[in-house]
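Colleague:
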Amino acid sequence: MRILSLNNVRLRNKLLLLYFLSVFFPILFTNVFFYTVTTHNVRNQKEHDVSLALDKIRNDFRVKIDDAVGISAVFYTDLLIHDALEQQYESPIDYLDTYETDIRPSLNKYSPIYKSIREIAILTDNPTVLGAGGISMITDEVKASGWYREVMASKASYPVIVHSREKGKPDVFSVIRKLNNFTNQNRFTKILKIDLHPDTLKQVFQDGTLQGNLYLVNASNEIEYTTDSTVRWQQEKINFAAFHKPQGALVFEKSYDNVNYLRDWKVIGILPEHQMLEVVRKSRAVVIYLACANILLPTLVIVWITKSLHDRVLRIVRHMKKVKHQTFETIDHVETKDEIGQLTLEYNRMTRQIRTLIDDVYVADIQKKDLELKRRKAQLHALQSQINPHFLFNALETLRMRSLLKQEDETAKIIHNMAKIFRKSLTWGNDWVTVRQEMDLVYSFLEIQKYRFEEKLHYRVEVGEDVAECKIPKMVFLPFVENASIHGIEPIHGQGEIDLRISLNEGEIHFELRDNGAGISEEKLENLLAYIGDEEEMGDHIGIKNVYARLNMYYGENARLTIDSKPGAGTTIRIRIPDQLNFLQ
Numbered sequence: 001m002r003i004l005s006l007n008n009v010r011l012r013n014k015l016l017l018l019y020f021l022s023v024f025f026p027i028l029f030t031n032v033f034f035y036t037v038t039t040h041n042v043r044n045q046k047e048h049d050v051s052l053a054l055d056k057i058r059n060d061f062r063v064k065i066d067d068a069v070g071i072s073a074v075f076y077t078d079l080l081i082h083d084a085l086e087q088q089y090e091s092p093i094d095y096l097d098t099y100e101t102d103i104r105p106s107l108n109k110y111s112p113i114y115k116s117i118r119e120i121a122i123l124t125d126n127p128t129v130l131g132a133g134g135i136s137m138i139t140d141e142v143k144a145s146g147w148y149r150e151v152m153a154s155k156a157s158y159p160v161i162v163h164s165r166e167k168g169k170p171d172v173f174s175v176i177r178k179l180n181n182f183t184n185q186n187r188f189t190k191i192l193k194i195d196l197h198p199d200t201l202k203q204v205f206q207d208g209t210l211q212g213n214l215y216l217v218n219a220s221n222e223i224e225y226t227t228d229s230t231v232r233w234q235q236e237k238i239n240f241a242a243f244h245k246p247q248g249a250l251v252f253e254k255s256y257d258n259v260n261y262l263r264d265w266k267v268i269g270i271l272p273e274h275q276m277l278e279v280v281r282k283s284r285a286v287v288i289y290l291a292c293a294n295i296l297l298p299t300l301v302i303v304w305i306t307k308s309l310h311d312r313v314l315r316i317v318r319h320m321k322k323v324k325h326q327t328f329e330t331i332d333h334v335e336t337k338d339e340i341g342q343l344t345l346e347y348n349r350m351t352r353q354i355r356t357l358i359d360d361v362y363v364a365d366i367q368k369k370d371l372e373l374k375r376r377k378a379q380l381h382a383l384q385s386q387i388n389p390h391f392l393f394n395a396l397e398t399l400r401m402r403s404l405l406k407q408e409d410e411t412a413k414i415i416h417n418m419a420k421i422f423r424k425s426l427t428w429g430n431d432w433v434t435v436r437q438e439m440d441l442v443y444s445f446l447e448i449q450k451y452r453f454e455e456k457l458h459y460r461v462e463v464g465e466d467v468a469e470c471k472i473p474k475m476v477f478l479p480f481v482e483n484a485s486i487h488g489i490e491p492i493h494g495q496g497e498i499d500l501r502i503s504l505n506e507g508e509i510h511f512e513l514r515d516n517g518a519g520i521s522e523e524k525l526e527n528l529l530a531y532i533g534d535e536e537e538m539g540d541h542i543g544i545k546n547v548y549a550r551l552n553m554y555y556g557e558n559a560r561l562t563i564d565s566k567p568g569a570g571t572t573i574r575i576r577i578p579d580q581l582n583f584l585q
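End of the sequence shown sits at 585 in UniProt numbering; the numbers just go up one at a time, nothing left out.
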């Protein structure tokens, strides 16, 4: 597994990376985390406070309802009131006597005690009672009211909570109960109706600790009461599910699951989230100021320190880059005791020493290399004068014999090719030629050899168009073609073949020469390779040694020469040299 390394990262980027990973991101993360945790804690605390407030409102409302329900239970089980309302009176005087003794004390007993009770009334269809003093008759108008139908439709023994919304009358909450506990004696309908005071709900729901709106929702999910002034709950029934709630608001709900007469009723609070987190938002500015201070101060200190490091290191790098252009300037600096100061001091000492070495050694070395170069040139000129003497002699002898035996135009062509080779081999004003120019000499040589050997020699030449104009040292290919013809093809008795291919591949010139000639034994091949690699010795195969020496001089290790050969199987020579234009770049 490769370990992550910063060795190739510039110093400035390393310092920036150090700053962001060690200062900026930790401080930023810490402040964001602190703000997030604080917001979460405040939100949870607010939700807990809202939940407690809703519990209180729910319980207070239930207490008010329970007061009325408790009173209704007393009337529900009062046998005297039941018998008084079931009795048929012969005269109003008889009813009034019973009313004063059995009914009126109960009707007037609870209102002064419970401030939440506005009125207690009993409705009956007994025609012999008088509708007065808390006793009302069940008229057709009463029967047409919504609360009456709701109470009569209820089969439960517990009371019904009804919110009356009748035109021309104030809306009121009522606890209504049928007085039918004594089932064997119910000849007339008797209904107890306890109206709650309108201010009771206001006192319960006007909780100053809640910043949102409160909603009392009945079992049918209709809004029975709300502190939201935009809702017309007094005039019409509004379903809470269809009610448009503010976007981003938080909804809290408390229900009456264990109370029969309030089953599925709910107290709901809707609070805008921004109001709940207003305290946190007020402290956000303080958090931001602290974060900026925590980031700014370390940033200034780090910039101050890193500038001291980066600027001086960059100055040393700039001066060191000048060295490769032979500019040895010392660095002007105030002496410091840190590592960079010591590095600057050592660089100045090194620069002065190099300058001294150049003055003392470099000039003498240049003179030595100049003498070596002149010696190499003298060797090349000496080699040049010895190029292919056997070939020239054999070719001229062949031309002489042919001229004596035959009178042909071919003689002129051969002489022309000979003159071309001889002339270009002696012209060394420019040691660089194109592949096309070099191949012009190769074709002239092969034509002469073809004329010499006739049908014994067959050759193929393939030169890519992309390599034809590439620059190469003069006469680096011809000596190998000459050797293939003279030392490879001439000794054999059968058909001789020379196959030459030159191509350009990935910025390199590929030269490949194959023949099916006599070949070279393994021992001779080793001796030949050792000989051409010897810089001092000069002997046979001077043409190949000359080419090898020139390739090394121009290309160094970028030039590669390989020779593969087996006796009787021919020889293959491969040369790989850089394209001169790309190599010079």
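Ideal placement from N, C-alpha and C gives every residue a C-beta, glycine not left out.
1. Which same chain residues end up closer than 7 Å to Tyr110 when comparing Cβ atoms and leaving out the 5 residues on each side of it in sequence?
2. So Ile191 packs on Val162, CB below 8 Å; how close in whole Å?
3. Would Tyr89 count as contacting chain C if we go by Cβ distances under 9 Å?
4. Work out the CA separation of Val63 and Ser174 for me, nearest whole Å.
5. Going along the chain, which residues of its own chain have a beta-carbon closer than 7 Å to the beta-carbon of Thr200, five neighbours each way excluded?
6. Using C-beta distances below 8 Å, list every residue in its chain close to Arg104, excluding the 5 sequence neighbours before and after it, in chain order.
7. Please classify Ala53: does DSSP put it in a helix, a strand, or coil?
8. Could you tell me whether the segment 153-162 touches the segment 84-104, where touching means 3 or more Cβ pairs closer than 8 Å?
9. Exposed or buried, which one is Gly496 when buried takes at least 16 other CB atoms within 10 Å?
10. Report back the beta-carbon spacing between Ile573 and Phe480 to the nearest angstrom; my notes put them in contact at under 8 Å.
11. Buried or exposed: where does Glu482 fall if 16 or more other Cβ atoms within 10 Å of its Cβ makes it buried?
12. How is the alpha helix (DSSP H) around Lys524 delimited, first residue to last?
13. Can you pull the DSSP bridge partners for Lys237?
14. If you drop the 5 nearest sequence neighbours on each side, which residues of the same chain put their C-beta closer than 7 Å to that of Pro272?
15. Where does Val467 fall in DSSP's three states?
16. Within the continuous alpha helix (DSSP H) that includes Ser106, where are the two ends?
17. Do you know whose CA, among Asp564, Asp332, Asp440, Leu343, lies nearest Asn516's CA?
18. Taking three-plus beta-carbon pairs below 8 Å as touching, is the segment 502-512 in contact with the segment 450-468?
19. Mind checking which residues open and close the beta strand (DSSP E) that includes Val433?
20. Contact check, His510 vs Arg576 under 8 Å by CB: the rounded distance?
21. What's the C-alpha gap between Leu491 and Ala559?
22. Say yes only if the C-beta of Cys292 is nearer than 8 Å to one or more non-hydrogen atoms of the ligand HEM, and no if none qualify.
23. When the Cα atoms are used, what is the spatial distance from Thr139 to Ala68?
24. With H, G and I counted as helix, E and B as strand and the rest as coil, what does DSSP make of Val129?
25. Comparing C-alpha positions only, which one of Val32, Trp432, Leu123, Val267 sits nearest to Ser51?
26. Quick one: is Asp97 buried, meaning 16 or more other Cβ sit within 10 Å of its Cβ, or exposed?
27. From the DSSP output, in three-state form, read off Ile492 for me.
28. Reducing DSSP to helix, strand and coil, say where Arg576 ends up.
29. Are Gly519 and Gly488 close, meaning C-beta to C-beta below 9 Å?
30. Around the C-beta of Lys566, are 16 or more other C-beta atoms found within 10 angstroms, so that it is buried, or is it exposed?
31. From Gln386 to Pro473, what does the alpha carbon distance come to, in whole angstroms?
32. Using the Cα positions of Met350 and Ile316, report the straight-line distance between them to the nearest angstrom.
33. Would you list the one or two residues that DSSP bridges to Phe511?
34. Does the separation of the CB atoms of Lys143 and Arg149 fall below 9 Å?
35. As a quick exercise: from Tyr261, Asn294, Trp147, pick the residue whose alpha carbon is nearest that of Pro26.
36. Quick one: measure Cβ to Cβ for Ile176 and Lys202, integer angstroms, because I've assumed they're closer than 8 Å.
Modeller: To lay it out plainly:
1. Counted from its first residue, the sequence shown places residue 110 at position 110. Closer than 7 Å at the Cβ level, and outside the excluded window around Tyr110, lie Ile71, Ile117, Ile120.
2. To locate residue 191, count along the sequence shown from 1; it is residue 191. To locate residue 162, count along the sequence shown from 1; it is residue 162. The pair is not a contact, with the Cβ atoms about 11 Å apart (cut-off 8 Å).
3. As a matter of chain content, chain C is missing from the structure shown, which is built from one protein chain.
4. Residue numbering aside, residue 174 sits at position 174 when the sequence shown is read from its first letter. Residue numbering aside, residue 63 sits at position 63 when the sequence shown is read from its first letter. Each residue's Cα considered, the two are about 14 Å apart.
5. As a position in the sequence shown, residue 200 is number 200, starting the count at 1. Cβ neighbours of Thr200 beyond the five flanking positions: Lys64, Ser116.
6. The sequence position of residue 104 within the sequence shown is 104, counting from 1. The answer, listed in chain order, is Gly133, Gly134.
7. Residue mapping note: residue 53 aligns to position 53 of the sequence shown, counting from 1. Ala53 falls in the helix class under three-state DSSP.
8. no
9. Residue mapping note: residue 496 aligns to position 496 of the sequence shown, counting from 1. Per the 10 Å Cβ criterion, buried.
10. As a first step, residue 573 must be located in the sequence shown, where it is residue number 573. As a first step, residue 480 must be located in the sequence shown, where it is residue number 480. Going by Cβ atoms, the distance from Ile573 to Phe480 rounds to 5 Å, so yes, they are a contact pair.
11. Mapped onto the sequence shown, residue 482 falls at position 482. Glu482 should be labelled buried.
12. Reading the sequence shown from its first residue, position 524 is the one you call residue 524. Counting along the chain, the alpha helix (DSSP H) containing Lys524 begins and ends at 522-532.
13. Residue mapping note: residue 237 aligns to position 237 of the sequence shown, counting from 1. DSSP lists no partner for Lys237.
14. Counting from one through the sequence shown, the residue named residue 272 turns up at place 272. Closer than 7 Å at the Cβ level, and outside the excluded window around Pro272, lie Gly212, Pro246, Gly248, Ala249.
15. As a position in the sequence shown, residue 467 is number 467, starting the count at 1. Coil at Val467, not helix or strand.
16. Position 106 of the sequence shown holds residue 106. Where Ser106 is concerned, the enclosing alpha helix (DSSP H) stretches over 104-109.
17. As a position in the sequence shown, residue 516 is number 516, starting the count at 1. When each option's Cα is compared against that of Asn516, the closest is Asp564.
18. yes
19. By one-based count along the sequence shown, residue 433 stands at place 433. Per DSSP, Val433 belongs to the beta strand (DSSP E) from 432-434.
20. Position 510 of the sequence shown holds residue 510. Position 576 of the sequence shown holds residue 576. Contact flag correct, Cβ pair sits at about 6 Å.
21. Residue 491 sits at position 491 when you count from the first residue of the sequence shown. Residue 559 sits at position 559 when you count from the first residue of the sequence shown. According to the sequence as given, residue 491 is Pro; it is not Leu. Roughly 31 Å separates the two Cα atoms.
22. The ligand HEM is absent from the structure shown, which contains no ligand whatsoever.
23. For the purposes of this step, residue 139 is taken as residue 139 along the sequence shown, with counting starting at 1. For the purposes of this step, residue 68 is taken as residue 68 along the sequence shown, with counting starting at 1. Cα-Cα distance, rounded: 24 Å.
24. Walking along the sequence shown from the start, residue 129 turns up at place 129. Here Val129 sits in coil by DSSP.
25. Counting from 1 along the sequence shown, the entry for residue 51 is found at position 51. It is Val267.
26. Taking the sequence shown and counting its residues from 1, one reaches residue 97 at position 97. Exposed: under 16 other Cβ atoms inside 10 Å.
27. In the sequence shown, counting from the first residue as 1, residue 492 sits at position 492. Correct three-state label for Ile492: coil.
28. To locate residue 576, count along the sequence shown from 1; it is residue 576. Arg576 falls in the strand class under three-state DSSP.
29. Here residue 519 refers to the residue found at position 519 of the sequence shown. Here residue 488 refers to the residue found at position 488 of the sequence shown. Taking 9 Å as the Cβ cut-off, Gly519 and Gly488 qualify as a contacting pair.
30. Locating residue 566 in the sequence shown gives position 566, where the first residue counts as 1. Looking at its Cβ environment, which holds fewer than 16 other Cβ atoms inside 10 Å, Lys566 is exposed.
31. Within the sequence shown, residue 386 is the residue found at index 386, counting from 1. Within the sequence shown, residue 473 is the residue found at index 473, counting from 1. In this prediction, Gln386 has a pLDDT of 48, which is less than 50 and means its spatial position is unreliable; what the coordinates show is noted afterwards. Rounded to the nearest angstrom, the two C-alpha atoms are 18 Å apart.
32. Here residue 350 is taken as the residue at index 350 of the sequence shown, counted from 1. Here residue 316 is taken as the residue at index 316 of the sequence shown, counted from 1. One C-alpha to the other measures close to 13 Å.
33. Reading the sequence shown from its first residue, position 511 is the one you call residue 511. Looking at the DSSP assignment, Phe511 forms a beta bridge with Ile502, Ile575.
34. Your numbering for residue 143 matches position 143 in the sequence shown. Your numbering for residue 149 matches position 149 in the sequence shown. Cβ atoms of Lys143 and Arg149: closer than 9 Å.
35. In the sequence shown, residue 26 corresponds to position 26, counting from 1. That would be Asn294, whose Cα lies nearest to the Cα of Pro26.
36. Along the sequence shown, read from residue 1 onward, the residue named residue 176 stands at position 176. Along the sequence shown, read from residue 1 onward, the residue named residue 202 stands at position 202. No, Ile176 and Lys202 are not in contact; Cβ-Cβ is about 22 Å, not under 8 Å.
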